[in-house]
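**Student:**
Numbering (UniProt numbering), first residue to last: 1 to 383.
(1) Check whether the Cβ atoms of residue 313 and residue 375 lie closer than 9 Å to each other.
(2) In three-state DSSP terms, what is residue 276?
(3) In the DSSP assignment, what are the bridge partners of residue 110?
(4) Applying the criterion that 16 or more other CB atoms from any shown protein chain within 10 Å of the CB defines a buried residue, is residue 245 buried or exposed?
(5) Just to confirm before moving on: does the CB-CB distance between residue 106 and residue 221 stay below 9 Å?
(6) Per DSSP, which one or two residues make a beta bridge with residue 232?
(7) Could you spell out where the alpha helix (DSSP H) holding residue 263 opens and where it closes?
(8) DSSP has residue 138 in a bridge; who is on the other side?
(9) Specify, as a first and last residue, the run of the beta strand (DSSP E) that residue 319 falls within.
(10) Can you tell me whether residue 92 is helix, strand or coil according to DSSP?
(11) Alpha carbon to alpha carbon, how far is residue 122 from residue 227? Give it in angstroms, no decimals.
(12) Pull up the distance between the alpha-carbon of residue 229 and that of residue 200, whole angstroms please.
(13) Taking all protein chains shown into account, do 16 or more other C-beta atoms lie within 10 angstroms of the C-beta of residue 133, making it buried, or fewer, making it exposed?
(14) Can you tell which of 113, 367 and 194 has its C-alpha closest to the C-alpha of residue 128?
(15) What do you reckon, are the CB atoms on residue 263 and residue 330 nearer than 9 Å?
(16) Hey, residue 104 and residue 321 are a contact pair by Cβ (cut 8 Å); roughly how many whole angstroms apart?
(17) If you check the beta carbons only, do residue 328 and residue 371 fall under 9 Å apart?
(18) Using a Cβ-Cβ cut-off of 7 Å (strictly less than) and excluding sequence neighbours within five positions of residue 119, which residues of its own chain qualify?
(19) Which one of 97, 203 and 364 has the shortest CA to CA distance from residue 116?
(20) Thinking C-beta only, is residue 100 closer than 9 Å to residue 296?
(21) Count the other C-beta atoms from every protein chain shown that fall within 10 angstroms of the C-beta of residue 367, then say buried if there are 16 or more, exposed otherwise.
(22) On a Cα-Cα basis, can you pick out the residue from 382, 153, 148 and 277 that is closest to residue 177?
(23) Taking 8 Å as the limit between beta carbons, can you name the residues of its chain near residue 247, skipping five residues before and five after?
(24) Considering just the uninterrupted stretch of the beta strand (DSSP E) at residue 156, what are its terminal residues?
(25) I'd like the list of long-range same chain contacts for residue 317, defined as Cβ closer than 8 Å, with 5 residues on each side in sequence excluded.
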């Protein structure tokens, strides 16, 4: 069997610009407090909408943006308070009230406050948070020239333990040459959940994706920026899920467990898919509790193995922290089969790459969607 390191990225970029907002004395005090906290903490270790596989493969090549960060906003960008209406909460600012997944992130995130600059590109790592599987962080970029509304940050992240990783990013221009962003990376390893993470983020340049040369290339400005950061993981509680299997159209889904943290909820699930359908499968989820709350989610991607007949994947989705009064969670998967085209990459035990090319659904298989049986999760033991 070959290991399939399947990278799912969802890039959700809002191209609308923002109106300026006045900043009152309370906001100024918050900025000053963040600067003081960042200075005190510097140098010390840290104390998705819905997943679409077909879009994900394209997104890997399109816009993986990775940063880790800190910023004393008032020190680095004096005009920042006027340019970004939400001071100190880029997580929620970029989510724009769509999912509520990031409502509590800033409360628990570490203010890293680290700035690097080279060749007219200045990157400030604002905040970082690690829930045991997924690393999330916000950042600002200031450039001497404008890179358009959808620039691509040429970068990579390095950790010592991961067998595979998936990522997503949002990047938004707030004024010419000034950008704010957020990136999420989920790391897969033999260790179920890690208590801390140390990672290196290396930036090699920035590309304007709105301009192209006669050869079709996009202009890139090179730079060399290297960051090293350590973060402790949040506390978490694991909830096992009984009677956890459901299926449709020969696709089997198993909900394995929930991980409850102070800021979010992680759902770990497995899927077994016939190889001829693996590229066409998308999963949507309805998640609600006995109090009537409905939880929007974001996909974290997954990893798995390709066998002779089936592909077995382990996936993770993230949604907001559960209502503490809820006693039951009802999770209903919906299977979608789509006429997707694209590709991926498989790796054998020696690291040899094998391209995977997909050209729509196999003969005799129709596109469509099927709602699976709901799975009930008992929360009475944790709430």
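Virtual Cβ for every residue (Gly too), placed ideally from N, Cα, C.
If you're wondering where the values come from, they're calculated on a predicted model, not measured in any experiment.
**Tutor:** With the structure as the only source:
(1) For residue 313 and residue 375, no; Cβs fall outside 9 Å.
(2) Secondary structure at residue 276: helix, using DSSP grouped into helix, strand and coil.
(3) Answer is 128.
(4) Within 10 angstroms of the beta-carbon of residue 245 lie fewer than 16 other beta-carbons, which makes it exposed.
(5) Their beta carbons are not under 9 Å apart, which means residue 106 does not touch residue 221 by this criterion.
(6) DSSP output for residue 232 lists 196 as bridge partner(s).
(7) In the DSSP assignment, residue 263 falls outside any alpha helix (DSSP H), carrying neither H nor E.
(8) Residue 138 pairs with 127 and 182.
(9) Residues 310-320.
(10) Residue 92 carries a helical assignment under DSSP once its states are collapsed to helix, strand and coil.
(11) Roughly 13 Å between the two C-alpha positions.
(12) Approximately 7 Å between the Cα atoms of the pair.
(13) With a 10 Å radius around the Cβ and a threshold of 16 neighbouring Cβ atoms, residue 133 comes out buried.
(14) From the listed residues 113, 367 and 194, the smallest Cα separation to residue 128 is found for 113.
(15) No.
(16) About 6 Å separates the two Cβ atoms, so the contact holds.
(17) Contact check for residue 328 against residue 371 fails: the beta carbons are separated by 9 Å or more.
(18) The residues 221, 222 and 223, in chain order, have a CB closer than 7 Å to that of residue 119 in the same chain once the five nearest residues on each side in sequence are set aside.
(19) Looking from the CA of residue 116, the closest CA among 97, 203 and 364 belongs to 203.
(20) Taking 9 Å as the Cβ cut-off, residue 296 and residue 100 qualify as a contacting pair.
(21) Exposed, since its Cβ has fewer than 16 Cβ neighbours within 10 Å.
(22) Distance from the Cα of residue 177 is smallest, within the candidate group 382, 153, 148 and 277, for 148.
(23) Setting aside the 5 residues that flank it on each side, residue 247 is surrounded in the same chain by 253 and 372, each with a C-beta closer than 8 Å to its C-beta; the list follows chain order.
(24) From DSSP, the beta strand (DSSP E) with residue 156 extends over 152-158.
(25) Within the same chain, residue 317 has close Cβ partners 48, 51, 266, 267, 269, 285, 297, 298, 299 and 300.
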